[in-house]
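Visitor: What follows is a single structure, and I will ask about it in a moment.
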Amino acid sequence: MKEKARAARQEQRIIGLVPTMGAMHAGHMALMEHARRECSTVYASIFLNPKQFAANEDLSRYPRPLKEDVEKLTAAKVDGLFLPSAEEIYPLGFSTYVAVEGLSDKLEGKSRPGHFRGVSTVVMKLFQIVQPHYAYFGRKDAQQVRIVQQMARDLNLDTEIVVCPIVREPDGLAMSSRNTYLNGEERKAATVLHRALQAAESEIGAGVRDSLQLQNAMRKVLQAEPRARVDYAEIVDVETFDPVARVSRPAYALLAVFIGKTRLIDNMLIEPAGDELLVEI
Ligand code: AMP
Numbered sequence: 551m552k553e554k555a556r557a558a559r560q561e562q563r564i565i566g567l568v569p570t571m572g573a574m575h576a577g578h579m580a581l582m583e584h585a586r587r588e589c590s591t592v593y594a595s596i597f598l599n600p601k602q603f604a605a606n607e608d609l610s611r612y613p614r615p616l617k618e619d620v621e622k623l624t625a626a627k628v629d630g631l632f633l634p635s636a637e638e639i640y641p642l643g644f645s646t647y648v649a650v651e652g653l654s655d656k657l658e659g660k661s662r663p664g665h666f667r668g669v670s671t672v673v674m675k676l677f678q679i680v681q682p683h684y685a686y687f688g689r690k691d692a693q694q695v696r697i698v699q700q701m702a703r704d705l706n707l708d709t710e711i712v713v714c715p716i717v718r719e720p721d722g723l724a725m726s727s728r729n730t731y732l733n734g735e736e737r738k739a740a741t742v743l744h745r746a747l748q749a750a751e752s753e754i755g756a757g758v759r760d761s762l763q764l765q766n767a768m769r770k771v772l773q774a775e776p777r778a779r780v781d782y783a784e785i786v787d788v789e790t791f792d793p794v795a796r797v798s799r800p801a802y803a804l805l806a807v808f809i810g811k812t813r814l815i816d817n818m819l820i821e822p823a824g825d826e827l828l829v830e831i
């Protein structure tokens, strides 16, 4: 992979990298398309990173439809797929980690200890191997993107981080490889995350700026769904990911909700625009 990427760079190509864990859906493919428009060489990676899964999490049953993934990447005219084994990425004796302090301990990091240390370490390694000019990430994982941006800034990386919007199913459910875990009833119930965000959006439209009120609007919708169990439902600053009392600067409404045994996340971006707030779900 290093040799290929180096050769492409020597040919003055603009290299884009789309890191994934595979089980490609339209959200992944939107990242590939975005990269295809901006870069002359696009690489995707598929790596189920053991270091970002806790022992009790779903690494062993995560979907691995490699043949379908390759077909999708070929159809999207991606130039190469980097598909390393866990042993290649973490050979015996591996002992160096990247830790983005502070940001990694909140919200997702609090619910999933060690998760972001695994993410920042593997993203750093992928960047070192490919040395892409651009790397593409989805806003679906808002805290992950923020952490990768912080790492790129703090460690003077030459890779520019590009953030792409959330791709949703027609009924509003954010696309996710984990949606395949849901049975029929759970799949219907899973729209509650999007409906909760819409409830907050409509409060904002009615002039509400108070975070507690926005949070309550989300929780009311979530609590009405018997299959849903809320992990967190917060309004946070887009830079620090600390809770805000009022929305006066850009903020995220962030949700993590169990539907049955499946943990789903979703979010909405709230941005002041003059006297109004612009909302992007
Ligand atoms: P994953 O394979 O889940 O690690 O995701 C790989 C990349 O795709 C990450 O940057 C995700 O944020 C992004 N992604 C996953 N789901 C979506 C979605 N529904 N919309 C946009 N981007 C997504």
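Using the numbering used here, read the sequence shown as starting at 551 and increasing by one per residue. Every residue gets a Cβ at the ideal spot worked out from N, C-alpha and C, and that includes glycine. Just so we're clear, the structure is a prediction, and the values are computed from it rather than from any experiment.
Could you tell me which uninterrupted beta strand (DSSP E) segments, each at least 3 residues in length, are contained entirely in the region 592 to 639, listed from first to last along the chain?
Guide: 630 to 632
Visitor: Quick one: give me the first and last residue of the beta strand (DSSP E) that residue 710 is part of.
Guide: Taking the sequence shown and counting its residues from 1, the one referred to as residue 710 is at position 160. Here the beta strand (DSSP E) through residue 710 covers 710 to 714.
Visitor: Heavy atom of the ligand AMP less than 7 Å from the Cβ of residue 831, yes or no?
Guide: In the sequence shown, residue 831 corresponds to position 281, counting from 1. Residue 831 Cβ: outside cutoff for every heavy atom of the ligand AMP.
Visitor: Going by beta carbon distance, what residues of the same chain come within less than 7 Å of residue 811, once the five residues before and after it are set aside?
Guide: Locating residue 811 in the sequence shown gives position 261, counting from the first residue. Cβ neighbours of residue 811 beyond the five flanking positions: none.
Visitor: With a threshold of 6 Å on Cβ separation, who are the neighbours of residue 828 within its own chain once the five nearest residues in sequence on each side are excluded?
Guide: What you label residue 828 is simply residue 278 of the sequence shown in a count that begins at 1. Taken in chain order, the residues that qualify are 821.
Visitor: Identify, in the order they occur along the chain, each residue of the same chain with its Cβ nearer than 6 Å to the Cβ of residue 745, setting aside the five sequence neighbours on each side.
Guide: Taking the sequence shown and counting its residues from 1, one reaches residue 745 at position 195. If we look at residue 745 and ignore the five residues flanking it on each side, its Cβ neighbours are 771.
Visitor: With C-beta atoms as the reference, is residue 762 less than 8 Å away from residue 688?
Guide: Locating residue 762 in the sequence shown gives position 212, counting from the first residue. Locating residue 688 in the sequence shown gives position 138, counting from the first residue. Against a cut-off of 8 Å, the Cβ pair of residue 688 and residue 762 comes out as no contact.
Visitor: Taking the alpha-carbon of residue 759 as reference, which of 825, 733 and 717 has the nearest alpha-carbon?
Guide: Translated into the one-based positions of the sequence shown, residue 759 becomes position 209. Out of 825, 733 and 717, 825 has the C-alpha closest to the C-alpha of residue 759.
Visitor: Given the structure, does residue 534 come close to the ligand AMP, in the sense that its CB is under 7 Å from one of the ligand's heavy atoms?
Guide: No answer is possible for residue 534: it lies beyond the span of the chain, which begins at 551 and ends at 831.
Visitor: Which one of 737, 818 and 805 has the shortest CA to CA distance from residue 661?
Guide: Along the sequence shown, one-based indexing puts residue 661 at 111. The shortest Cα separation from residue 661 among 737, 818 and 805 belongs to 805.
Visitor: Would you say the region 632 to 644 touches the region 581 to 592, given that touching needs at least three Cβ pairs under 8 Å?
Guide: Taking 8 Å as the limit for Cβ pairs, the verdict is that the region 581 to 592 does not touch the region 632 to 644.
Visitor: Please confirm if the region 620 to 631 is in contact with the region 661 to 671, defined as three or more CB-CB distances below 8 Å between the two stretches.
Guide: no
Visitor: Across which residues does DSSP place residue 804 in a beta bridge pair?
Guide: For the purposes of this step, residue 804 is taken as the residue at position 254 of the sequence shown. Answer by DSSP bridge pairing, in chain order: 784 and 817.
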